[in-house]
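S.K.: Numbering (mature numbering (1 follows the signal peptide of the UniProt record, and there is no 0)), first residue to last: -23 to -1, 1 to 138. By construction, the Cβ of each residue, glycine as well, lies at the ideal position given by its N, Cα and C atoms.
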Amino acid sequence: MASYRFITLAIVAIIVLPTVVMATEYIVGDDKGWNLNFKSQDWAKDKVFYVGDTLVFNYIVGNHSVFKVNGTGFNDCIVPSPELGLTTGNDTIPLKAPGNKWYICGVKKHCADHGMKLAITVQAEAPAVAPTPTKSSAFQITSSASQLIMAAMVFIAMIVV
């Protein structure tokens, strides 16, 4: 009975853990958050966004907001209807589909005058199989692979104990 339970849990872990480990939560603006004079190009330039990742917009409630817009709304800072805005100060947006995504602040002229807007491109899900490493990196373990191994070890330890 115990071995059947272990095998079932191991199969579930093998299926679920890669998805959990591979997804990344991005705090927009890092420690500065979503604020005036936000330099979105600088913040996003070294990041690759994948389906399954999330964006978190942190800001002081009432000072800012987040609206998902189209390319025209982004370029012209066109704020949609107020009920479409996010205003909690800790807004989480899951990236569910690949493609271009645009976000602006809808408060006053924060988008137009202060550049509070973000444009990103979301890639399809990260490849499940890592590419063949080059000779110079053959013995390196990538961060995501090591995280996956650690998560699996913790999971197995929790089952055994």
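How many angstroms separate the CA atom of Lys86 from the CA atom of Val43?
M.R.: Locating residue 86 in the sequence shown gives position 109, counting from the first residue. Locating residue 43 in the sequence shown gives position 66, counting from the first residue. Using only the alpha carbons, I get a separation of about 13 Å.
S.K.: So does the region 8 to 17 actually touch the region 78 to 92, counting three or more Cβ pairs closer than 8 Å?
M.R.: yes
S.K.: Relative to the ligand NAD, is the shortest distance from any of its heavy atoms to the C-beta of Cys88 smaller than 7 Å?
M.R.: Looking for the ligand NAD in the displayed structure turns up nothing, as the structure carries no ligands at all.
S.K.: Using the beta-carbon count (16 or more within 10 Å), is Ile37 buried or exposed?
M.R.: By one-based count along the sequence shown, residue 37 stands at place 60. Classification for Ile37: exposed.
S.K.: Using alpha carbons as the reference points, say which of Gly66, Asp90, Ile70 lies closest to Thr1.
M.R.: Along the sequence shown, read from residue 1 onward, the residue named residue 1 stands at position 24. That would be Ile70, whose Cα lies nearest to the Cα of Thr1.
S.K.: Quick one: what's got a C-beta closer than 6 Å to Met93's C-beta in the same chain, skipping five residues either side?
M.R.: On the sequence shown, position 116 is the one that residue 93 refers to. Contacts found: Phe15, Cys82, His87.
S.K.: Roughly how many whole angstroms lie between the Cα atoms of Gln100 and Gly39?
M.R.: For the purposes of this step, residue 100 is taken as residue 123 along the sequence shown, with counting starting at 1. For the purposes of this step, residue 39 is taken as residue 62 along the sequence shown, with counting starting at 1. Answer to the nearest angstrom: the Cα atoms are 32 Å apart.
S.K.: Answer yes or no: do Ile4 and Val33 have a C-beta to C-beta separation smaller than 8 Å?
M.R.: Position 27 of the sequence shown, counting from 1, holds the residue named residue 4. Position 56 of the sequence shown, counting from 1, holds the residue named residue 33. Their beta carbons are under 8 Å apart, which means Ile4 touches Val33 by this criterion.
S.K.: Terminal residues of the continuous beta strand (DSSP E) containing Trp79?
M.R.: For this step, residue 79 is matched to residue 102 along the sequence shown. 76 to 81 is the span of the beta strand (DSSP E), which, as asked, contains Trp79.
S.K.: Under a three-way DSSP split, which group does Glu102 fall into?
M.R.: As a first step, residue 102 must be located in the sequence shown, where it is residue number 125. DSSP places Glu102 in coil when its eight states are reduced to three.
S.K.: If you follow the alpha helix (DSSP H) that Asn52 is part of, which residue opens it and which one closes it?
M.R.: Mapped onto the sequence shown, residue 52 falls at position 75. In the DSSP assignment, Asn52 falls within the alpha helix (DSSP H) that extends over 48 to 53.
S.K.: Comparing alpha-carbon positions, which option in Ala89, Phe51, Leu63 lies nearest Asn77?
M.R.: Here the question's residue 77 lines up with position 100 in the sequence shown. Among Ala89, Phe51, Leu63, the Cα nearest to that of Asn77 belongs to Phe51.
S.K.: Report yes if the C-beta distance between Tyr61 and Thr31 is below 8 Å; otherwise report no.
M.R.: Here residue 61 refers to the residue found at position 84 of the sequence shown. Here residue 31 refers to the residue found at position 54 of the sequence shown. Here residue 61 turns out to be Leu, not Tyr, going by the sequence shown. Cβ atoms of Leu61 and Thr31: not closer than 8 Å.
S.K.: Could you check how far apart the C-beta atoms of Val28 and Ala96 are, in whole angstroms? I think they sit under 8 Å.
M.R.: Position 51 of the sequence shown, counted from the start, is the residue given in the question as residue 28. Position 119 of the sequence shown, counted from the start, is the residue given in the question as residue 96. Contact doesn't hold; Cβ gap of about 17 Å is too wide.
S.K.: Can you grab the Cα-Cα spacing for the pair Asp7 / Trp20, in whole Å?
M.R.: Reading the sequence shown from its first residue, position 30 is the one you call residue 7. Reading the sequence shown from its first residue, position 43 is the one you call residue 20. If I take the Cα positions, the gap works out to 8 Å.
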